[in-house]
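Q: First the structure, then my questions, so here it is.
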Amino acid sequence: MTETHDHDGHQQEAPDYFEQPGWDKRYSGSEKIWSGQPNPQLVAEVSALTPGTALDLGCGEGGDVIWLAQQGWTVTGADFSAEGLARAARHAKEAGVADRIDWWQVDARTFDAGSRRFDLVTTHFLHPGGSMVDVVRRLATAVAPGGHLLVVGHAPSETFAQLSAEQHRAMWHAEDLLPALVDNFEPVVVEERPRVVERDGKTVEIGDATLLVRRVGPNG
């Protein structure tokens, strides 16, 4: 389920791609999985915001969480993989921002913010193996009045033609997620942003489906 930095279309086995045990196994190795750099749409959209409290769901090794903390945010990094969270905590300590971060083991498919509210809620390349609309609906309840929700994923593309049908179901267009939002959210960005990546030794263009909305009314 969790994927914080773009896999650029590489084939993944379904258990690793959607379920906790596969990701725990993958993160338990010694090799680094992702780049450690923040996702580009996070930087593009959040750099202009005033730092406050943030939740990053599907944080993996913690690249986005660490970047947010370095910008002055107080961050909760959430993931369903205990091994991923352990890695992220080590990386945050190495980066000197551990005191600005706490960690939360939670599955996006059952996520419930309870009474917690955040000025920014974000998730990048999260593949829950179920309805992304349902996940976004859950995330929206965690956004404080005046706060933002940023959701970025893979837009459907011929670049990913070799992936399985199950993996294709994890892709979406930004407008597909709008039904998850109630009237007290206003769209800020609803678009697909092209990005050039290296994949299997070739330069290809993919699309980042990017949804940024702002809560203008009270929490539901």
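Per UniProt numbering, the sequence shown starts with residue 1, numbered consecutively.
Ideal placement from N, C-alpha and C gives every residue a C-beta, glycine not left out.
1. Give me whichever residues DSSP pairs with Phe118 in a beta bridge.
2. For Leu62 and His91, which I take to be in contact (beta-carbon distance under 8 Å), what is that distance rounded to the nearest angstrom?
3. Would you kindly report the start and end of the unbroken beta strand (DSSP E) that includes Asp79?
4. First and last residue of the beta strand (DSSP E) that includes Val213?
5. In three-state DSSP terms, what is Val65?
6. Below 8 Å on the Cβ atoms is my guess for Val143 versus Phe125; work out the distance and round it to an integer in Å.
7. Please classify Arg215: is it buried, with 16 or more other beta-carbons within 10 angstroms of its beta-carbon, or exposed?
8. Could you spell out the range, first to last residue, of the beta strand (DSSP E) harbouring Leu55?
9. Are there three or more Cβ pairs, one per stretch, closer than 8 Å when the stretch 79-86 is compared with the stretch 35-45?
10. How about His148 and Leu120: are their beta carbons less than 8 Å apart?
11. With a Cβ-Cβ cutoff of 8 Å, do Pro194 and Glu205 count as a contact?
A: Checking against the coordinates, here is how it stands:
1. On the sequence shown, residue 118 is found 118 positions in, with the first residue counted as 1. Per DSSP, Val143.
2. Translated into positions along the sequence shown, residue 62 becomes position 62. Translated into positions along the sequence shown, residue 91 becomes position 91. Per the sequence presented here, residue 62 reads as Gly, with Leu not at that position. With a Cβ gap of about 5 Å, Gly62 and His91 count as contacting.
3. The residue given as residue 79 occupies position 79 in the sequence shown. In this chain, the beta strand (DSSP E) harbouring Asp79 covers Thr74 to Asp79.
4. If you number the sequence shown from 1, residue 213 lands on position 213. Its beta strand (DSSP E) spans residues Lys202 to Arg215.
5. Counting from 1 along the sequence shown, the entry for residue 65 is found at position 65. Note: Val65 maps to helix in three-state DSSP.
6. Counting from 1 along the sequence shown, the entry for residue 143 is found at position 143. Counting from 1 along the sequence shown, the entry for residue 125 is found at position 125. 20 Å between Cβ atoms; not a contact.
7. Here residue 215 is taken as the residue at index 215 of the sequence shown, counted from 1. Counting Cβ neighbours within 10 Å, Arg215 comes out buried, since at least 16 surround it.
8. Position 55 of the sequence shown, counted from the start, is the residue given in the question as residue 55. Here the beta strand (DSSP E) through Leu55 covers Thr53 to Leu57.
9. The stretch 79-86 and the stretch 35-45 do not touch, with fewer than 3 CB-CB distances between them shorter than 8 Å.
10. Counting from 1 along the sequence shown, the entry for residue 148 is found at position 148. Counting from 1 along the sequence shown, the entry for residue 120 is found at position 120. Yes, these two residues count as a Cβ contact at 8 Å.
11. As a working note, residue 194 is residue 194 in the sequence shown. As a working note, residue 205 is residue 205 in the sequence shown. Yes; because the gap between Cβ atoms is below 8 Å, this pair is in contact.
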